[in-house]
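Counting from 1, position 68 in the sequence shown corresponds to residue 976 in our numbering; the numbering is continuous, with no gaps.
Heads up, the beta-carbon is just placed ideally off N, CA and C, and yes, glycines get one too.
The structure displayed is predicted, hence computed values, not measured ones.
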Amino acid sequence: MPFAPECVRIEQGVKTGFSGDHLRRSLNNGPQFRLIVAASNRQFRVEGENVIASFVIETKAKVAGWRVVAKVDETFKIPADDPRIHHIRAIFVPKLSHA
909 MPFAPECVRI
919 EQGVKTGFSG
929 DHLRRSLNNG
939 PQFRLIVAAS
949 NRQFRVEGEN
959 VIASFVIETK
969 AKVAGWRVVA
979 KVDETFKIPA
989 DDPRIHHIRA
999 IFVPKLSHA
């Protein structure tokens, strides 16, 4: 799915994606994505011009033998008249899971 040039990503209330080009570079080369082992429990739904994705991310990071995982909810704004991602809002809840 392509990004609109002005697309931004807000994660936990903080802007972490500043343009479509920046988001593309982050997805392709960002160190944060190299930590991901798997995404599971994926669910998607459409509400108007938004696609809401919910999933669990399992990371390579461990603490005292426990793996760091996160429940993620992301909302992607994709207007019908311009089918590119215009805005992303992400909320996640990290926790430890027995590895």
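For residue i, three-class secondary structure by DSSP
i	result
proline 913	strand
serine 934	helix
aspartate 929	helix
proline 991	coil
glutamine 920	coil
Rounded straight-line distance, which links the Cα of residue j to that of residue i
i	j	result
isoleucine 999	arginine 933	21 Å
glutamate 957	alanine 912	14 Å
isoleucine 986	tryptophan 974	37 Å
alanine 978	phenylalanine 941	13 Å
arginine 997	proline 939	20 Å
phenylalanine 963	threonine 924	19 Å
Start-to-end residues for the alpha helix (DSSP H) that takes in residue i
i	result
glutamine 940	939–942
Run of the beta strand (DSSP E) containing residue i, from where it starts to where it stops
i	result
serine 962	958–971
Expected contact under 8 Å - CB spacing of residue i and residue j to nearest Å
i	j	result
threonine 967	leucine 943	5 Å
alanine 947	isoleucine 960	Not confirmed; about 15 Å, so no contact.
Spatially closest choice to residue i from the options, by CA coordinates
i	options	result
valine 916	Pro1002, His994 and His1006	His994
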